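**Q** Structure in structure tokens, see below.
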Amino acid sequence: MDEVEVVVAHSERATLRVGDVFLKVDADQARMDVEVQAMALAPVPTPEVLWRKPPVLALAALPGAALGHLGKPSTASPAAWAAAGAAVRVLHDAPLPPWPGRGPAELAARLDAECEWLLTNGVLPADLVTHNRRIAEAALRPWTPVFIHGDLQPSHVFVDGDEVTGIIDWSDGGPGDALFDLAILTLGHERHLDDVLAGYGADVDVDVIHAWWSLRSLVAVRWLVEHGFDPSAPGCEVDVLRSRM
3 MDEVEVVVAH SERATLRVGD VFLKVDADQA RMDVEVQAMA LAPVPTPEVL WRKPPVLALA
63 ALPGAALGHL GKPSTASPAA WAAAGAAVRV LHDAPLPPWP GRGPAELAAR LDAECEWLLT
123 NGVLPADLVT HNRRIAEAAL RPWTPVFIHG DLQPSHVFVD GDEVTGIIDW SDGGPGDALF
183 DLAILTLGHE RHLDDVLAGY GADVDVDVIH AWWSLRSLVA VRWLVEHGFD PSAPGCEVDV
243 LRSRM
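Residue numbers (the numbering used here): 3 to 247.
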């Protein structure tokens, strides 16, 4: 029998690897429905769905390795990062999925709540929170929705050499801001932003990407702490916030 590897596990969901099969366990069936539907609609490589028996979804492993991981330097080539940018552009040019996404007003309310929690509980220095809160404002503008992945961390993009072999973890897929995907892909990997944009092939407002880096990091801290992760680890969310000072 193959060894069971725990890829990620917390109170909301878990992902296990058994040989060439990934088993995703998620009690939120609506979230899993979105993942399956988004993978079916996305015009980019995604894992093969082997079977689904709620609360478990079985997916085939992708060839290659992750483009990168937050808090660690990426060993992927500039061409691989550019290929990731090109894949994101294909996704953003696709028809919108038939379910709603989050708009600026909803995200602004969440940002306000998370910043208040950070300040009230003294989790981060007040100047760090307030400065990044001001930067984050630039992301909260009207946008034309596109089909986004919604959690496009480089660990969710698999490459083999300079080719994208697949993108995983689609439970946040739906209509949204194109620059959010580009920001999450490059969060903590700022030096690869130019490569990603070269592959993406469209003019974008880099200041908005910077704003999404601040917003994402601010709203992620409480969730990470409450689920046993360390946002203050080197190169992770708190360092991203400090880099904006």
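Ideal placement from N, C-alpha and C gives every residue a C-beta, glycine not left out.
No experiment lies behind these values; they were computed from the predicted model shown.
Just the C-alpha distance for Pro177 and Asp196, rounded to the nearest angstrom, thanks.
**A** On the sequence shown, position 175 is the one that residue 177 refers to. On the sequence shown, position 194 is the one that residue 196 refers to. Going from the Cα of Pro177 to the Cα of Asp196 covers about 25 Å.
**Q** Using the Cα positions of His12 and His229, report the straight-line distance between them to the nearest angstrom.
**A** Locating residue 12 in the sequence shown gives position 10, counting from the first residue. Locating residue 229 in the sequence shown gives position 227, counting from the first residue. Those two C-alpha atoms are separated by around 6 Å.
**Q** Is it buried or exposed for Met34, if we count other Cβ within 10 angstroms and need 16 for buried?
**A** Taking the first residue of the sequence shown as position 1, residue 34 is located at position 32. Looking at its Cβ environment, which holds 16 or more other Cβ atoms inside 10 Å, Met34 is buried.
**Q** Thinking just about the alpha-carbon of each residue, which of His158, Val242, Ala84 and Trp214 is nearest to the one in Pro47?
**A** As a position in the sequence shown, residue 47 is number 45, starting the count at 1. Among His158, Val242, Ala84 and Trp214, the Cα nearest to that of Pro47 belongs to His158.
**Q** Note down the Cα distance separating Asp28 from Leu120, rounded to an integer number of angstroms.
**A** As a first step, residue 28 must be located in the sequence shown, where it is residue number 26. As a first step, residue 120 must be located in the sequence shown, where it is residue number 118. So the alpha carbons of these two residues sit roughly 28 Å apart.
**Q** Quick one: what's got a C-beta closer than 6 Å to Trp101's C-beta in the same chain, skipping five residues either side?
**A** Counted from its first residue, the sequence shown places residue 101 at position 99. So the qualifying residues of the chain are Gly176.
**Q** Quick check for students: name the residue ranges of the beta strand (DSSP E) that lie wholly in the region 76–157, counting only runs of 3 or more.
**A** Those beta strand (DSSP E) runs which fall completely within the region 76–157 and span 3+ residues are 148–150.
**Q** Taking buried to mean at least 16 other C-beta atoms within 10 Å of its own C-beta, is Ser79 buried or exposed?
**A** Your numbering for residue 79 matches position 77 in the sequence shown. By the 10 Å Cβ count, Ser79 comes out exposed.
**Q** Between the region 148–155 and the region 126–137, do three or more beta carbon pairs fall short of 8 Å?
**A** Contact fails: fewer than three Cβ-Cβ distances are below 8 Å.
**Q** Bridge partners for Val6 per DSSP, in chain order?
**A** On the sequence shown, position 4 is the one that residue 6 refers to. Paired residue(s): Val20.
**Q** Just to check my reading of the structure: Thr17 and Val6 have Cβ atoms closer than 8 Å, yes? What is that Cβ distance to the nearest angstrom?
**A** Position 15 of the sequence shown, counted from the start, is the residue given in the question as residue 17. Position 4 of the sequence shown, counted from the start, is the residue given in the question as residue 6. Their Cβ separation, rounded to whole angstroms, is 11 Å, which puts Thr17 and Val6 out of contact at 8 Å.
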